[in-house]
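Counted from 1, the sequence shown has number 806 at position 275 by my numbering; the numbering is strictly sequential. Report on the following structure.
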Amino acid sequence: MFVSDGFYYYSYTVSLVLDRDLDFSNQYKFVKGRANPQHVHRLTSSGRPSNPVGIGLGLLWLPAFVLAHSIVTTMKAFGFSLASTGFEVYYELPTYLWSFLLGLLGMWLLYRLLTEVFDWRYAFWATVGILFGTALSNYAFLHANMSHWVSAACATAYLYSVFRVYRRPEDWRWWLISGIALGVAAMVRYQNAALGVLLVGLLWQLIRQGRWQTLAVGIVIHIAATVVTFLPQMLSWRAIYGELLPDPKVVYPYDYPNMRWLSPHLSYAFWLFVYSPLLLLALWGFLRPFPTTLPTAFVVSVGLALMGQLYVNCALPEVGGYGVRRMTDFFPYFGIALANALRILDERKGQKWCLSLVGAGVLINWLLIANHYLSQLLSGGHFHF
């Protein structure tokens, strides 16, 4: 079940529990038919096989995997003959389902955030639209073994916690929680570190208000929490590559040297709307006035976060995967604008317009997904979860 990039994320979980180290030699024996073996035989300066993905997802999968391993160990003690390599279905299925539930938690946080600003109807249908009407659906319901679904949940957790900071910047607990959320999100997918731009509007707001102490204390807490939370990633780098902060070219030898920082492929952004047309409605919602209950600085910061993620992804040498999959991680951020668009449509045209457009978006999305996999099957390929 854990194939493609998911195999490398899952290797962290298996190695930590069964081998209690970060030497993936045992796990990479199972790479055939599961993932591209390009990293399997690439040894680092430590003499261990490389692993280019972050440790965060592997850590988040630990509760389900540890529970499964405990049950397997108990059954073996009672005489059952069970293999325990970590790649059996009784290990993978619980972990896969847990991954799906983690992503749903992110959708719940999105809905909860939206209900604090919009009527519950707009919050509900916007959440439905993001979950069922965009390419994120593919990674939620068909590929929860990959990082994008859980990464979207982590990005949403950061969005929600930062929103709480905007509401009550004097409450240091949310500065702490948001820092932890950013650290976890960055461990799951490194590009999520750029989401820290969400704080830009808040910093400007506090500076204009002259709340220097709140600003200083909050920033220190936020940065400290982020760095401390990110430490497991740095320690894993040291175990694998021999350094706390290895050269990105060593970790990502196939992508990083070819990054187009000065000439990004901005045309990649076009594919967002080809695979997820409902995002066009959200884009329109960004351009319309938001409720006064939503701080303008927060809306601007969300827009900056989206542009930052688009820039990072467009700088990559190739777009990669169904629905420009690397970009699906931040689709929940469009939920704010989608809810706003539905609110305006309801006020001007009536609720039928809202439901019709969301319904059309969901239908088109699933037709595109079905066509993608049907084409694979008809061309002699294979479909895997």
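Glycine residues also receive a C-beta, built at the ideal position from the N, C-alpha and C atoms. Model, not experiment: these values are computed from the prediction.
Where does residue i fall in DSSP's three states?
i	result
P788	helix
P580	strand
L632	helix
L574	strand
P795	coil
V855	coil
W703	helix
S678	coil
V781	helix
V603	helix
E849	coil
T823	coil
S568	Looking at the sequence shown, residue 568 is not Ser but Pro. Correct three-state label for P568: helix.
D552	coil
D860	helix
P917	Outside the modelled stretch of the chain, which goes from 532 to 916, sits residue 917, for which no answer is possible.
M638	helix
G610	coil
F916	Low local confidence applies: a pLDDT of 44 at F916 is under 50, so the model's placement there is unreliable, with the coordinate-based value given in what follows. Of the three classes helix, strand and coil, the one that applies to F916 here is coil, per DSSP.
L776	coil
M532	coil
A666	coil
V831	helix
R720	coil
V648	coil
Straight-line CA distance for residue i to residue j?
i	j	result
Y864	Y543	29 Å
L766	G854	33 Å
V889	A657	8 Å
L628	G741	48 Å
H679	W897	18 Å
G634	D860	11 Å
V893	Y653	16 Å
L746	E878	38 Å
D702	V748	10 Å
R945	L733	The first residue shown for the chain is 532 and the last is 916, placing residue 945 beyond what the model contains.
A800	I661	17 Å
G816	L762	38 Å
T827	Y787	35 Å
A872	P795	29 Å
A891	A901	15 Å
L591	G773	24 Å
V758	G617	31 Å
T646	Q840	25 Å
H600	P594	10 Å
V545	S577	20 Å
R573	P784	10 Å
L899	A614	39 Å
P923	A608	The displayed coordinates of the chain run from 532 to 916. Any statement about residue 923 would go beyond what the structure contains.
P700	W735	12 Å
Does the Cβ-Cβ distance between residue i and residue j come in under 8 Å?
i	j	result
L869	L812	yes
V719	L632	no
I559	V548	The amino acid at residue 559 is misidentified as Ile; the sequence shows Tyr. In this structure, V548 does not lie closer than 8 Å to Y559 by Cβ.
F596	Y622	yes
A684	L636	yes
I875	R819	yes
G714	A675	no
A686	L726	yes
L737	L690	no
I586	Q744	no
P583	V782	yes
L810	L803	yes
S682	I708	no
V603	P822	no
Where do the N-terminal and C-terminal ends of the alpha helix (DSSP H) with residue i fall, by residue?
i	result
Q907	Q882 to L909
G732	V731 to Q740
N871	F865 to R879
Q558	Here Q558 belongs to no alpha helix (DSSP H), and DSSP marks it neither H nor E.
W768	W743 to Y772
I661	W651 to F663
T616	Element bounds for T616: n/a, residue is neither H nor E.
F538	D536 to V545
A813	L809 to F817
W802	F801 to Y806
G587	G587 to L591
Just to check my reading of the structure: residue i and residue j have Cβ atoms closer than 8 Å, yes? What is that Cβ distance to the nearest angstrom?
i	j	result
I754	G710	7 Å
F561	P580	The Cβ separation is near 13 Å, so there is no contact.
F694	F862	At roughly 17 Å, the Cβ-Cβ gap does not stay under 8 Å, so F694 and F862 are not in contact.
P777	W768	5 Å
A836	V728	5 Å
M638	S535	M638 to S535, Cβ: 23 Å. No contact.
A688	L640	6 Å
Compute every distance between the C-beta of residue i and the non-hydrogen atoms of the ligand COA, then say whether any falls below 7 Å.
i	result
G634	Because no ligand of any kind appears in the structure shown, any question about the ligand COA cannot be addressed here.
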